[in-house]
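Accompanying notes for the structure given below.
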Amino acid sequence: MVPYLSKYGLMKACGVVEQAVKSVIADKCSFGTKPQVKNYLSAKVRNSSTNPSYGKICELLKDFDADWNTQFKAAVKNHPHCDQIKTSLQSLVDARNEFAHGGNPRVSIADVVRYFSDARQIVECVDTVIG
34 MVPYLSKYGL MKACGVVEQA VKSVIADKCS FGTKPQVKNY LSAKVRNSST NPSYGKICEL
94 LKDFDADWNT QFKAAVKNHP HCDQIKTSLQ SLVDARNEFA HGGNPRVSIA DVVRYFSDAR
154 QIVECVDTVI G
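In the numbering used here, each number is its position in the sequence shown, counted from 1, plus 33.
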């Protein structure tokens, strides 16, 4: 039962980080816009599927505004635990991909909790930059 719960937690944590990043960006960009822009943001951002890796987050921000990307990278770089939060985010994505493609990632619930906690700080950097 514990391995199953760890893998469920892994998938859920990665999905929550992905949705949080996309929602922060789409919410900011859709505020006060025409319905057509909101529809586009829903189709291309909210309802898209992509891993929430650091690189993918940078690409998405750059697609909207190169300055957002630059400011996000600076915010993460200036974070007191920069390496840790980036590594945790990547570990979360890597383990999720391994499981999704038929592998058996060796992550504990404690690992998933730590990765998720760190990844939340990446989401907070996104929110701060485009807020």
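Backbone N, C-alpha and C fix where the C-beta goes; we use that ideal spot for every residue, glycine too.
Is the region 128 to 135 touching the region 35 to 47, taking contact as three or more C-beta pairs under 8 Å?
Contact between the region 128 to 135 and the region 35 to 47 is present: three or more C-beta pairs spanning the two stretches fall below 8 Å.
Threshold first: 4 residues or longer. Then list the alpha helix (DSSP H) segments lying entirely within the region 75 to 122, N to C.
87 to 97 and 99 to 111
Decide if glutamate 51 is buried, meaning its Cβ has at least 16 other Cβ atoms within 10 Å, or exposed.
Residue mapping note: residue 51 aligns to position 18 of the sequence shown, counting from 1. It counts as buried.
Comparing alpha-carbon positions, which option in Lys67, Asp100, His112 and Lys77 lies nearest serine 56?
In the sequence shown, residue 56 corresponds to position 23, counting from 1. With distances taken between Cα atoms, serine 56 lies closest to Lys77.
Just verifying my parser: in three-state terms, what is the DSSP assignment at valine 140?
Numbered from 1 along the sequence shown, position 107 holds the residue referred to as residue 140. The answer is coil: DSSP assigns valine 140 none of H, G, I, E or B.
For leucine 122, which residues in the same chain have their Cβ closer than 8 Å to its Cβ, ignoring the five residues on either side in sequence?
Taking the first residue of the sequence shown as position 1, residue 122 is located at position 89. Val50, Pro85, Ser86, Tyr87, Tyr148, Asp151, Ala152 and Ile155, listed in sequence order.
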